[in-house]
Structures are given as structure tokens and as C-alpha cells.
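J.:
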Amino acid sequence: MSFTFQQSRRPATLLLATAVTLLATLSVTAAPSAAATASESAALQRAAEQCGPGEICFWERNDYVGTPWRWKPQNGYRDLPPYLHDNVGSFYANSVGCFIDWDPRLYVKVALGDYSRAYKYEGKFGSRIDAVRKYVDCHA
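The sequence shown lines up with residues -30 to -1, 1 to 110 when you count with mature numbering (1 follows the signal peptide of the UniProt record, and there is no 0).
(1) What residue from ALA88, ASP100, HIS109, ASN45 has the CA that sits closest to ASP73's CA?
(2) Going by other Cβ atoms of all chains shown within 10 Å of its Cβ, with 16 needed for buried, is GLY36 buried or exposed?
(3) Can the beta-carbon of GLY67 be found less than 8 Å from the beta-carbon of TYR105?
(4) DSSP three-state call for SER60: helix, strand or coil?
(5) With the cut-off set at 8 Å, would you say ALA63 and ASP84 are in Cβ contact?
(6) Between PHE69 and LEU14, what straight-line distance do the alpha-carbon atoms span, to the nearest angstrom?
(7) Quick check: what's the CA-CA separation for TYR91 versus ARG75?
(8) Alpha carbon to alpha carbon, how far is LEU82 from HIS55?
(9) Please name the residue or residues paired with PHE28 in a DSSP beta bridge.
(10) Along the beta strand (DSSP E) that carries VAL102, what are the first and last residues, could you check?
(11) Taking DSSP as the reference, what is the three-state secondary structure of VAL106?
(12) Measure the alpha-carbon distance for PRO51 versus LYS79 and round it to whole angstroms.
(13) Give the secondary structure of ARG48 by DSSP, where H, G and I count as helix, E and B as strand, and everything else as coil.
(14) At the 8 Å Cβ level, is GLU25 part of the contact set with chain B, yes or no?
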């Protein structure tokens, strides 16, 4: 009879050990997520500090690093400078606008508050953008 008792305790002990290990793993896994959120928040704050009211700012690198190229709606249509042509790493929009890829012809409407800290990642539009113009002119 004690043998049966020992058998029934072992699975319970094993189950408890597995649960403790799983909880420890989950708490360790959650930490990088919080760090990633803090990193994204810091990057967005950096972008907001560099991009003035009524501007859309473009950076060659991810995470708004470097000196932004700035565009305002009153500038009208503008080709992106050569270093940003098909090469926008990040952008931050304090204005509405229209991003353009000429080949194939594609228009992307940008709303106030839109942003991307990795705009080329996995084929996003930052690897295709050629120009920017007013939101109201965002059509062929």
C-alpha cells in the first residue's frame, strides 16, 4: 500500500516542479518585452523631439537615428534625396501626406501621428518610397 502512495506522490511532485519551472520561464520571458517597450518609447520620444509641428520626418536608419530630412505640405511634391530614395529606415508624421513609389506606381496615405521605427523591415514601404506630396493629391 505504501508503494501505491509513493507512486501517486511522484506525479504530483513532478507536476509541481514543472509548474515552478514554467512560471520561472514565463517571468524571464516577460522582462525583454518590457525592455522592448521602453526602447520603443525612447525611440518615439527621440523622433518627436526632432520632428517639428506640421512636418513629416524621414531617417535613413531605423529608430530615428541621425539627422532627419523634413517635409511640410506647403513644400508640395518633393523627390526624396538620393540617400533616402528606396531607403527610409524610419519616419514620423506630424502632418498628413502621401508617400509615392513610381515603379510600380503606388500611393500610401499617411495620417497625423503615423510612424515606423523600422520602415524597410520585411519589405515595408521604406524600401520603395521615392517621393512625398500633399495628402489631398494622393492619387494617380
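Note that CB positions come from ideal geometry on N, CA and C, so glycine has one too.
T.: In this structure, then:
(1) ASP100
(2) That one is exposed.
(3) Cβ distance < 8 Å, so GLY67 and TYR105 count as in contact.
(4) strand
(5) yes
(6) 20 Å
(7) 20 Å
(8) 22 Å
(9) Answer is TRP39, PHE61.
(10) 101 to 103
(11) helix
(12) 20 Å
(13) strand
(14) Protein chains in the displayed structure number just one, and chain B is not present.
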